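Quick note, the sequences are listed as chains F and U, same order.
Using the numbering used here, the letters of the first sequence map in sequence onto residues 423 to 678.
Using the numbering used here, the letters of the second sequence map in sequence onto residues 2 to 245.
For every residue, glycine included, the Cβ atom is placed at its ideal position computed from N, Cα and C.
If you're wondering where the values come from, they're calculated on a predicted model, not measured in any experiment.
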Amino acid sequence: MTVGAGHTHALHRPGDSVVHRLPAHVKIVVAFLMVLAVVATPREAFAIFGLHFLLLVGIWVAARIPPGWLAARSLIEAPFVVLAVLLPFFAAGPRVEWWGMSLSLDGLLAGWNILVKGTLGVLISVTLAATTPLRDLVSGLSRLRVPSMVCVIATLMLRYLEVIAAEARRMRLARLSRGHDPRFVWQLGATVRSVGSLFLRSYERGERVHLAMLSRGFTGSMPAFTTASASRVTWSVALLPAAVGLALAISGYWVA
Amino acid sequence: MTPPSLRVDGLAFAYPDGHQALFGVDLRIERGERVALLGPNGAGKTTLVLHLNGVHRAGAGRVEVGGLEVTRENVQEIRRRVGIVFQDPDDQLFMPTVADDVTFGPANFGVTEPELSLRVKEALDAVGVADLADRSPMHLSGGQRRRAALATVLACDPEILVLDEPSTHLDPVARRELAEVLLGLDRTMLMVTHDLPYALQLCPRSVVIDGGVVVADAPTREILADADFLAAHRLELPFGFALG
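Below you can see the structure in the form of structure tokens.
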């Protein structure tokens, strides 16, 4: 019996669009530049953020990602939204009256800043994740000369997060089967102890995995991943949205 | 004359904590032989296996694989020659996809394209999981995982295949399918197991280790037919089995 067969990568949406076919390292660079452009845009340049958003919509159309799918996966941002909404109430400085509430002007701007840049940043990241399988992301990073040890760790994490999650599920089932019902605070002890033993098990697994890696000739770096290289043309086309984003950011300083 | 695939002479080993696990083991496996390594828990089977690819270094005695002695300088070539399939496939399949995993070994040993892809394909075909190449190991059945783990080692083209408890956690069909795959490989094999019927099915010869020494080295059928000998070394055929 296999308990919990593991989940597929919820953020990836397989497809065969232009965006999907781009080499991963190109997409990582473009996404990074686009986030940079959003962050660099002055917060008072309200209209520019709309244009940033339109740019993203263009990419979604090209990648054929439906908006609802994106929206559901952007919910990860929710805790930050709470902070952004609270800021206008608690920040200092000149205040405005709005529907009988006294709001701080600085707080409003700061909240807006977090909200709009956070949302756009999350949307860009989700777009990258949606169009790129996880293993390609790692090989893209290694192509971008991220230190090989970081790539090794990321690769192993991809695999063993699932294994450890499955192990944790089995341990939870074993607890529940023996009448554990962690609804009360004093029953948390068992859960905490099983986290401890999960750590030990994972540690021991780590040693066994290392042994298995050594046995197949591992000497400290992963063998080079085979990734498609990108031509000059691919680069220039792919960098176009990033260039537009950066131009928008710069023009923001005139608008604001 | 080709040297034996494996030659162990007077191998003794004590763990750093002083626990002596092996007291002078002698073992010779000719090319193409399939040998079962039997023995109760704690007999020193795993310790012996970890000497074969240089994870442990002999305290006394020596180990040779295909005529090459296990030394610090040779360790990389020794690891290519000795293909260990570990007991838990989840320890062995650590890459995001099966194909990545099968590529890992030969790539480390310096195999390059186009030879590399060919090796991977051959290994996957040999164990019958070619259609699973791009899947994550997480989404495979127990039997598929075991065969994928076998493929990761086959791709390194080892001189000797060492299997640690290959039949554990397999359902009867997967167990039989694995046996068919192993019988079809035509490779030198050392199979560590508690599954005595499996040893009988796959290995004409068995070596029994107990207390850190070899206590028997004979045809598997002979060993399994000697009930008194089995009992003396905490070995036992499953209920209902009897060999004449």
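Per-residue burial, residue i [other beta carbons within 10 Å of its own, 16 or more giving buried]
i	result
residue 520 of chain F	exposed
residue 5 of chain U	buried
residue 1 of chain U	Within the shown structure, residues of chain U are numbered from 2 to 245, placing residue 1 of chain U beyond reach of any answer.
residue 430 of chain F	With a pLDDT of 48 at residue 430 of chain F, under the threshold of 50, the modelled position of this residue cannot be trusted; read the value that follows with caution. It is exposed - the Cβ of residue 430 of chain F has fewer than 16 other Cβ atoms within 10 Å.
residue 575 of chain F	exposed
residue 20 of chain U	exposed
residue 110 of chain U	buried
residue 581 of chain F	buried
residue 676 of chain F	exposed
residue 14 of chain U	buried
residue 220 of chain U	exposed
residue 471 of chain F	buried
residue 479 of chain F	exposed
residue 33 of chain U	exposed
residue 205 of chain U	exposed
residue 491 of chain F	exposed
residue 199 of chain U	buried
residue 192 of chain U	buried
residue 425 of chain F	With a pLDDT of only 36 at residue 425 of chain F, under the threshold of 50, the placement of this residue in the model should not be trusted, and no figure is reported.
residue 589 of chain F	buried
Terminal residues of the alpha helix (DSSP H) in which residue i lies
i	result
residue 31 of chain U	It is not in any alpha helix (DSSP H) - residue 31 of chain U carries neither H nor E in the DSSP assignment.
residue 6 of chain U	Per DSSP, residue 6 of chain U belongs to no alpha helix (DSSP H) and is neither H nor E.
residue 654 of chain F	654–677
residue 81 of chain U	76–82
residue 49 of chain U	46–53
residue 142 of chain U	Segment: none, residue 142 of chain U is in no alpha helix (DSSP H) and carries neither H nor E.
residue 463 of chain F	Per DSSP, residue 463 of chain F belongs to no alpha helix (DSSP H) and is neither H nor E.
residue 637 of chain F	610–637
residue 113 of chain U	Element bounds for residue 113 of chain U: n/a, residue is neither H nor E.
is_contact[residue i, chain U] using C-beta, thresh 8 Å
i	result
residue 636 of chain F	yes
residue 550 of chain F	no
residue 445 of chain F	no
residue 519 of chain F	no
residue 463 of chain F	no
residue 581 of chain F	yes
residue 656 of chain F	no
residue 436 of chain F	no
residue 569 of chain F	no
residue 433 of chain F	no
residue 578 of chain F	yes
residue 501 of chain F	no
residue 427 of chain F	Model confidence at residue 427 of chain F stands at a pLDDT of 34, short of 50, so the residue's coordinates are unreliable; what they give is reported in the following sentence. Closer than 8 Å: yes.
residue 442 of chain F	no
residue 510 of chain F	no
residue 663 of chain F	no
residue 516 of chain F	no
Minimum Cβ-Cβ distance from residue i to chain F less than 8 Å
i	result
residue 130 of chain U	no
residue 54 of chain U	yes
residue 139 of chain U	yes
residue 9 of chain U	no
residue 153 of chain U	yes
residue 95 of chain U	yes
residue 91 of chain U	yes
Distance between beta carbons of residue j and residue i, contact taken as under 8 Å
i	j	result
residue 636 of chain F	residue 66 of chain U	That pair is no contact at about 16 Å.
residue 557 of chain F	residue 98 of chain U	7 Å
residue 95 of chain U	residue 89 of chain U	Wrong, their Cβ atoms sit about 11 Å apart, outside the cutoff.
residue 163 of chain U	residue 53 of chain U	6 Å
residue 484 of chain F	residue 439 of chain F	6 Å
residue 124 of chain U	residue 152 of chain U	4 Å
residue 674 of chain F	residue 464 of chain F	5 Å
residue 639 of chain F	residue 106 of chain U	6 Å
residue 664 of chain F	residue 456 of chain F	5 Å
N-terminal and C-terminal residue of the beta strand (DSSP E) that residue i is part of
i	result
residue 571 of chain F	That residue, residue 571 of chain F, is in no beta strand (DSSP E); its alpha helix (DSSP H) goes 570–599.
residue 217 of chain U	214–220
residue 541 of chain F	Not the beta strand (DSSP E): residue 541 of chain F falls in the alpha helix (DSSP H), residues 527–553.
residue 567 of chain F	That residue, residue 567 of chain F, is in no beta strand (DSSP E); it is neither H nor E in DSSP.
residue 207 of chain U	206–211
residue 162 of chain U	161–165
residue 177 of chain U	Taken as a continuous stretch (DSSP letters only), residue 177 of chain U belongs to no beta strand (DSSP E), being part of the alpha helix (DSSP H) at 173–184.
residue 482 of chain F	Per DSSP, residue 482 of chain F belongs to no beta strand (DSSP E); it is in the alpha helix (DSSP H), 468–485.
Members of the region 97–127 of chain U that neighbour chain F once the beta carbon cut-off is set at 8 Å: 97, 98, 101, 104, 105, 106, 108, 109, 110 and 114
The region 66–86 of chain U: positions lying closer than 7 Å to chain F by Cβ: 77, 80, 81 and 85
Proximal residues, the region 610–642 of chain F versus chain U, C-beta separation under 8 Å: 627, 630, 631, 633, 634, 635, 636, 637, 638, 639, 640 and 641
Members of the region 583–605 of chain F near chain U, C-beta cut-off 8 Å: 584, 585 and 588
Contact residues within the region 533–560 of chain F, judged by C-beta distance below 7 Å to chain U: 556 and 557
Chain-ordered residues of the region 469–489 of chain F with a beta carbon less than 9 Å from chain U: none
Proximal residues, the region 150–180 of chain U versus chain F, C-beta separation under 8 Å: 153, 154 and 157
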